[in-house]
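Numbering (the working numbering), first residue to last: 188 to 579. Ideal Cβ placement from N, Cα and C applies to all residues, glycine included. Heads up, the thing below is written out as structure tokens.
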Ligand SMILES: Cc1cc2nc3c(=O)[nH]c(=O)nc-3n(C[C@H](O)[C@H](O)[C@H](O)COP(=O)(O)OP(=O)(O)OC[C@H]3O[C@@H](n4cnc5c(N)ncnc54)[C@H](O)[C@@H]3O)c2cc1C
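In structure tokens, the structure reads:
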């Protein structure tokens, strides 16, 4: 367990060791326990006023965890993006909103809560189909139905639920996961993939929610801004998760090339072709990481609205670009590294096997590549695309 005086780096090293141990034993329960015992889940408290530092610390954590288990890193990333967007939600001059935000952040950090989120989406005949219904019942709300995706489902203490209140509109609720009667943690959504993300279906059996769980009601403009802000953090941090997978694969390729001899008895690392291949892969990896850093810098400069609207637009463009480029690049790097290591990637719990199977989920999660491509394509055809990003 962590000692209270441990530095960020010591805690991160401890977390890395706990993860490797858990993966080797196929039991991540001690890893999650260790994570909770550190300051790492609650960085959004002390770093609330330093969004740039908060961003890079969160990236460091998910990148390190992602270099061994992209799935576990994605679960942590889900907790981080919700907490970070609450912590850094831009000032709007509305004191009630600021108080609500501070109370929520104080509750999460003070009570050392892990946070899950869901947009209530299920897989149906229509994209984005909602699986929940919420009906007003006196001062309370009655929640029924199911949601397909909740990462960190068994560990989380709080669920941030996006849902539609019947005849009113979209709202956000903050629901205690473990103490609310009628919440059932269902089966894994992907029974044989991304298991360490603990992504499960959650079923709501006539759950009665008190008015205190309503974070943002349909009348409030804040809900739209908060969801957009969540998406900014999510896109940017999730790229760091999967670039973590790329860095793990590069480690494995490097180890293989240094430790394995060719038929002439020399290490494969000395072959000129291998030197060039590794150089190309590192260049792709560094370029993608630079886009993530650029996006994080811009996101963390959005401090108050409406003053920072132009920065917000830039932050969206960069967050989408970094998610798209970062996850595609990560997948390509892992594939190329696997070709270097060869079939031993799939022998006896090799790290490359997990990285190979999980890195592909980057491109499949929000916002899906198809949506980003269309958005950028429309801007290009309308003539509204930024054709000179160098302009200050
Ligand atoms: C491991 C994992 C964990 C997750 N955890 C959570 C969580 O904790 N909470 C949560 O709320 N969500 C979670 N999600 C869900 C995530 O946020 C997305 O909703 C989900 O990944 C979208 O994938 P889908 O296949 O359901 O997309 P769908 O929206 O069903 O899209 C399927 C396909 O339709 C096409 N398509 C979709 N949209 C467009 C478009 N606009 N234009 C053109 N084509 C389009 C694309 O080809 C796309 O691949 C998780 C996802 C994954 C993979």
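Between the CA atoms of residue j and residue i - distance to the nearest angstrom
i           : j           : result
residue 221 : residue 456 : 37 Å
residue 558 : residue 265 : 20 Å
residue 389 : residue 404 : 22 Å
residue 537 : residue 207 : 12 Å
residue 302 : residue 339 : 8 Å
residue 568 : residue 391 : 44 Å
residue 414 : residue 194 : 32 Å
residue 328 : residue 510 : 36 Å
residue 561 : residue 366 : 42 Å
residue 296 : residue 453 : 54 Å
residue 384 : residue 370 : 19 Å
residue 461 : residue 204 : 30 Å
residue 379 : residue 312 : 23 Å
residue 474 : residue 200 : 26 Å
residue 565 : residue 574 : 14 Å
residue 571 : residue 483 : 23 Å
residue 530 : residue 229 : 40 Å
residue 294 : residue 363 : 11 Å
residue 214 : residue 192 : 27 Å
residue 270 : residue 447 : 44 Å
CB of residue i within 9 Å of CB of residue j, strictly
i           : j           : result
residue 381 : residue 494 : no
residue 245 : residue 424 : yes
residue 486 : residue 513 : no
residue 516 : residue 440 : no
residue 330 : residue 394 : yes
residue 305 : residue 316 : no
residue 436 : residue 525 : yes
residue 307 : residue 376 : no
residue 505 : residue 471 : no
residue 412 : residue 277 : yes
residue 287 : residue 397 : no
residue 353 : residue 321 : yes
residue 349 : residue 335 : no
residue 438 : residue 527 : no
residue 406 : residue 281 : no
residue 556 : residue 426 : no
residue 500 : residue 488 : no
residue 554 : residue 507 : yes
residue 342 : residue 262 : yes
Cβ-based neighbour list, residue i, same chain, cut-off 6 Å, excluding 5 preceding and 5 following
i           : result
residue 300 : 344 and 345
residue 234 : 240 and 241
residue 337 : 303, 305, 387 and 389
residue 272 : 416, 417 and 420
residue 274 : 231, 235 and 292
residue 258 : 381, 383, 384 and 545
Residues of its chain near residue i, where Cβ-Cβ distance is below 7 Å and the 5 sequence neighbours each way are ignored
i           : result
residue 260 : 249, 252, 253, 428 and 431
residue 210 : 255 and 256
residue 268 : 417, 420, 421 and 424
residue 580 : Residue numbering for the chain in the displayed model covers 188 to 579; residue 580 lies beyond these limits and cannot be assessed.
residue 449 : 455 and 458
residue 532 : 525, 539, 540 and 543
residue 521 : 432, 433, 436, 542, 543 and 546
residue 198 : 189, 225, 226 and 227
residue 372 : 340, 341, 387 and 389
residue 149 : What the structure shows of the chain is the stretch from 188 to 579, and residue 149 is not part of that stretch, so it cannot be assessed.
Close beta carbons around residue i, own chain, < 8 Å, minus the five adjacent residues each side
i           : result
residue 202 : 218, 221, 222, 225, 227, 248, 251 and 252
residue 535 : none
Proximity test, Cβ basis, 9 Å: residue i and chain B
i           : result
residue 303 : Reference to chain B is not applicable here, since this structure consists of a single protein chain.
Near ligand 2: residue i beta-carbon under 8 Å from a heavy atom
i           : result
residue 431 : You won't find ligand 2 in this model; what it holds is ligand 1.
Exercise. In the region 483-549, which residue ranges form an unbroken beta strand (DSSP E) of at least 3 residues, counting only runs that do not cross its ends?
Worked result: Listed in chain order, the beta strand (DSSP E) runs fully inside the region 483-549 amount to none, counting runs of at least 3 residues.
Problem set entry | Ordered list of alpha helix (DSSP H) runs contained in the region 254-284, each at least 4 residues | Segments of the alpha helix (DSSP H) lying fully in the region 254-284: 257-275.
Problem set entry | Length-filtered (3 minimum) beta strand (DSSP E) runs lying within the region 388-463 | Secondary structure remark: continuous beta strand (DSSP E) runs of at least 3 residues inside the region 388-463, in chain order: 401-403.
For this session: Only counting runs of 4 or more residues, tell me where the alpha helix (DSSP H) segments fall wholly within the region 272-358, in order along the chain.
Result: Listed in chain order, they are 282-297.
For this session: Enumerate, from N- to C-terminal direction, the unbroken beta strand (DSSP E) stretches of 3 or more residues contained entirely within the region 190-226.
Result: Complete beta strand (DSSP E) runs here, min 3: none at all.
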